[in-house]
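**Student:** Chains as they are written, first to last, in the numbering used here: chain D, 28 to 193; chain X, 28 to 193.
Think of the CB as a built atom: it goes at the ideal place given N, C-alpha and C, for glycine as much as any other residue.
Structure in structure tokens, see below.
There are 2 protein chains.
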Amino acid sequence: MTTVSTKSASAVAQAESNILAALEEHGSRMTWPRRELAAMLARRADAFSAEEIVAGLPGLGRATIYRTLRLLVEVGILCKAAMPDGSPRYSLDDVHHHHHLVCVVCGRIDEFRHPSVERMLRAMKAHVGSELVGHRLELYHRCAACRESGQGGEDIHMHGTHVHAH
Amino acid sequence: MTTVSTKSASAVAQAESNILAALEEHGSRMTWPRRELAAMLARRADAFSAEEIVAGLPGLGRATIYRTLRLLVEVGILCKAAMPDGSPRYSLDDVHHHHHLVCVVCGRIDEFRHPSVERMLRAMKAHVGSELVGHRLELYHRCAACRESGQGGEDIHMHGTHVHAH
DNA sequence: GTATTTGTTGATACTCAGTATTGACAAGAG
DNA sequence: CTCTTGTCAATACTGAGTATCAACAAATAC
């Protein structure tokens with residue numbers, strides 16, 4: 028999996044300062060490891076696993092990277108989705124409150140919002156007696172690029188966690 | 028976490044033979060470890076982790092248990108849901124094609140079907156250009172029992188994976 | 001400018017949730 | 001009864017984290 032970023036230099040700079048701003052706003056200290064990580068994440072256009080980042084920043088400790096990723100998720104600048112087998116993927120968060128459209132071939136994660144989801148959640152809220160404290164929704168598909176290149180005619184890794192394919 | 032099963036003896040026997048029948052139907056061999064595992068699972072009324080089963084059946088190898096759990100998921104007699112932090116929980120599958128209502132306090136998993144979900148999926152299918160190959164939906168709540176006993180006023184482990192709490 | 005406090009770091013070791021490998025073994029078909 | 005092939009247990013490995021803790025460094029207080 029080559030790291031081909033399709034981001035323009037300005038988009039990268041923008042993303043980086045967004046991350047740093049979010050940390051600052053949260054009251055976190057600005058340290059060298061965090062700046063490194065911010066720069067790294069800003070450069071990536073795609074979704075990634077924590078271990079990819081660990082491997083890509085050998086100067087930083089594992090714990091620091093996991094801690095900081097969690098922090099960024101809490102702060103709302105990063106989001107974490109699950110692949111069909113349950114393994115997590117991180118991606119920079121553009122829109123807040125959204126759901127995930129995950130390509131099972133290339134792992135690309137798109138965010139979306141759609142009224143039908145909110146409608147469904149309202150209906151379920153009424154249906155279950157108890158208070159809902161959260162939800163998780165992921166839709167799995169083969170993205171346009173992967174469909175075109177004809178890859179993954181079969182499901183790649185649709186075994187594992189509860190996923191309905193119909 | 029004490030293993031208090033609220034299942035009647037007949038329900039246990041029923042569940043056990045369901046599991047064995049599903050394996051047989053699938054063309055799997057009937058072995059002592061599988062019978063042991065089936066008996067174990069049938070006894071449980073609640074959701075469980077794979078490691079709980081490993082610990083509860085010291086006579087069986089880890090690999091065997093993981094293999095057999097996966098087999099049972101494939102066969103459709105067992106299902107696997109994710110807790111808010113992403114850790115998997117298994118539970119016996121009663122209704123086919125359903126979604127999960129997970130209690131964040133006690134871990135209880137209920138299955139449900141609701142037309143609003145199907146409606147939402149149809150809408151999303153139309154919305155995204157590409158073919159949907161699967162989905163994952165989990166709703167997190169505090170179940171009636173946990174609300175009554177007043178436990179978990181705060182979210183217990185809502186950190187981690189992408190969960191919207193609002 | 002220095003002292004202090006408190007957040008942060010990185011090393012190490014650990015847990016949990018699996019998968020890969022492999023030689024031994026046993027279920028069930030013939 | 002034999003043979004094939006599915007299944008087993010042991011072992012070792014990966015990925016995804018968390019726990020601990022001494023060393024350190026940012027922001028602040030003086």
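So which residues on chain X does residue 151(D) lean against when the C-beta distance must stay under 7 Å?
**Tutor:** 141, 143, 166
**Student:** The beta strand (DSSP E) that contains residue 161(D), what's its start and end?
**Tutor:** 159-168
**Student:** Any beta carbon from chain D within less than 9 Å of residue 171(X)'s own beta carbon?
**Tutor:** yes
**Student:** Which ranges would you report for the beta strand (DSSP E) in the region 95-151 of chain D if only whole runs of at least 3 residues count?
**Tutor:** Counting whole runs of 3 or more residues, the region 95-151 of chain D contains the beta strand (DSSP E) stretches 105-109, 115-119, 126-130, 136-139.
**Student:** Leaving out the 5 sequence neighbours to the left and right, which residues in its chain are closer than 8 Å to residue 144(D) when beta-carbon positions are compared?
**Tutor:** 126, 164
**Student:** Would you kindly check if the distance between the Cβ of residue 120(D) and the Cβ of residue 20(D) is under 9 Å?
**Tutor:** Since the first residue shown for chain D is 28 and the last is 193, residue 20(D) is missing from the structure and cannot be characterised.
**Student:** Residues in its own chain within less than 7 Å of residue 101(X) by CB, not counting five upstream and five downstream?
**Tutor:** none
**Student:** Kindly list, in the order they appear in chain D, the residues whose Cβ is closer than 9 Å to that of residue 157(X).
**Tutor:** 128, 130, 168, 169, 170, 171, 173, 174
**Student:** Report buried or exposed for residue 57(X), applying the criterion of at least 16 other Cβ atoms within 10 angstroms of its Cβ.
**Tutor:** exposed
**Student:** If the cut is a Cβ gap below 9 Å, which residues of chain D does residue 146(X) touch?
**Tutor:** 143, 146, 147, 150, listed in chain order.
**Student:** Please say whether residue 115(X) and residue 90(X) have beta carbons closer to each other than 9 Å?
**Tutor:** No.
**Student:** What are the residues in the region 33-51 of chain X lying within 7 Å of chain D by C-beta distance?
**Tutor:** none
**Student:** Comparing alpha-carbon positions, which option in 84(D), 124(D), 97(D) lies nearest residue 112(X)?
**Tutor:** Measuring from the Cα of residue 112(X), the nearest candidate turns out to be 97(D).
**Student:** What does the alpha-carbon distance come out to for the pair residue 128(D) and residue 46(X)?
**Tutor:** 34 Å
**Student:** So is residue 53(X) in contact with chain D if we call contact Cβ pairs under 9 Å?
**Tutor:** no
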